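Structure record follows, encoded as structure tokens.
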Amino acid sequence: MLVGPAPTTDGSAENTLNEKRLVHGSIAFWLGPRAPQTKTHRWTVYVRGARDPLEDLSLYIQKVEFVLHESFADPVRVVKEPPFCLTEHGWGEFEVIIRLFPISDPDKPVEMYHPLRLFPSVGQELTEKPVVSEHLDVLVFSQPAPEVERALHRSDVARMPSDCWGDLMPLFGGDLHQVEEEDLRKVQQARERVRQQIQATRLQYEALTAELARARTHALHRELS
Numbered sequence: 001m002l003v004g005p006a007p008t009t010d011g012s013a014e015n016t017l018n019e020k021r022l023v024h025g026s027i028a029f030w031l032g033p034r035a036p037q038t039k040t041h042r043w044t045v046y047v048r049g050a051r052d053p054l055e056d057l058s059l060y061i062q063k064v065e066f067v068l069h070e071s072f073a074d075p076v077r078v079v080k081e082p083p084f085c086l087t088e089h090g091w092g093e094f095e096v097i098i099r100l101f102p103i104s105d106p107d108k109p110v111e112m113y114h115p116l117r118l119f120p121s122v123g124q125e126l127t128e129k130p131v132v133s134e135h136l137d138v139l140v141f142s143q144p145a146p147e148v149e150r151a152l153h154r155s156d157v158a159r160m161p162s163d164c165w166g167d168l169m170p171l172f173g174g175d176l177h178q179v180e181e182e183d184l185r186k187v188q189q190a191r192e193r194v195r196q197q198i199q200a201t202r203l204q205y206e207a208l209t210a211e212l213a214r215a216r217t218h219a220l221h222r223e224l225s
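The opening residue of the sequence shown carries number 1 in full-length UniProt numbering; numbering runs sequentially from there.
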């Protein structure tokens with residue numbers, strides 16, 4: 001997912017790309033057979049750093065919107081402080097839209113789509129063991145301003161309090177290595193899209209430059225004739 005202005009047309013564009021690997025995930029707890037039919041599970045959906053759950057994403061993300069199923073009251077929930085997560089109760093699975101608002105460009109949020117999972121894989125019994133679903137994604141910051149680039153570097157070492165995630169922390173990344181393998185394709189595709197956009201912009205610039213040169217030459221000939 002590209003954040004920032006369109007890449008420049010010169011060859012230095014690729015040197016001004018900064019990547020941030022993120023995980024969007026959910027953890028669901030079955031509340032047992034006595035739970036109300038409409039609130040069989042308690043779940044939390046979240047966005048965290050891929051390398052370290054304690055990475056302070058607020059250095060480059062202003063806020064996060066979680067768009068829930070329309071059956072929820074106020075389905076659009078806004079979280080303005082880290083950790084960027086939301087806890088709710090429900091009974092059904094659905095796709096959560098996650099909108100990230102970069103500090104560098106808050107008017108152009110980027111979207112991720114997370115499949116909320118409440119139930120174990122087919123064939124497994126429903127137990128009190130939490131169901132964890134995590135997916136890897138990448139933000140590509142194109143030509144970030146100096147202060148944004150500094151913030152991106154600071155986020156590599158800045159950490160939130162160790163207890164900020166509560167009892168969720170031990171559950172993160174149980175199978176993240178498998179997730180990374182499965183989702184590495186997404187990262188590679190994101191890089192390829194950026195390269196293609198750079199190339200397309202460069203070709204467009206060259207075509208416009210050539211057309212302008214022809215127009216000037218034509219105008220000069222008309223003046224001389």
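We put the beta carbon where it would ideally sit given N, CA and C, even for glycine.
Predicted, not measured: the structure shown is a model, and the values here were computed from it.
Asked                                                                                                                                                                            : Found
Output needed for E211: all residues of its chain with C-beta closer than 8 Å, excluding positions within five of it in sequence on either side, in chain order.                 : none
In chain order, which continuous runs of the beta strand (DSSP E) of length 3 or greater are located wholly inside the UniProt domain "YEATS" (12–155)?                          : 17–30, 41–49, 61–67, 76–79, 84–90, 95–102, 110–115, 131–142
Near D175, which residues of its chain fall below 7 Å by C-beta distance, leaving aside the five closest residues on each side in sequence?                                      : Confidence at D175 is low in this model, with a pLDDT of 46, below 50, so its placement is unreliable and no value can be given for it.
Between which residues of its own chain and R222 is the CB-CB distance below 6 Å, once the five residues before and five after are set aside?                                    : none
Can you tell me whether DSSP reads V157 as helix, strand or coil?                                                                                                                : coil
Do P130 and I27 have their C-beta atoms within less than 8 Å of each other?                                                                                                      : yes
Would you verify that the beta carbon of Q189 is, or is not, closer than 8 Å to some beta carbon of chain C?                                                                     : Note that chain C does not occur in the displayed structure, where there is just one protein chain.
Measure the C-alpha to C-alpha separation of P144 and E111 and round it to an integer number of angstroms.                                                                       : 19 Å
Can you give the Cα-Cα distance for I198 and V140, rounded to whole angstroms?                                                                                                   : 13 Å
With distances taken from CA atoms, which of D163, P75, H135, L59 is nearest F101?                                                                                               : L59
Can you confirm whether the region 83–93 touches the region 44–53 when touching is taken to mean that 3 or more C-beta pairs between the two stretches lie within less than 8 Å? : yes
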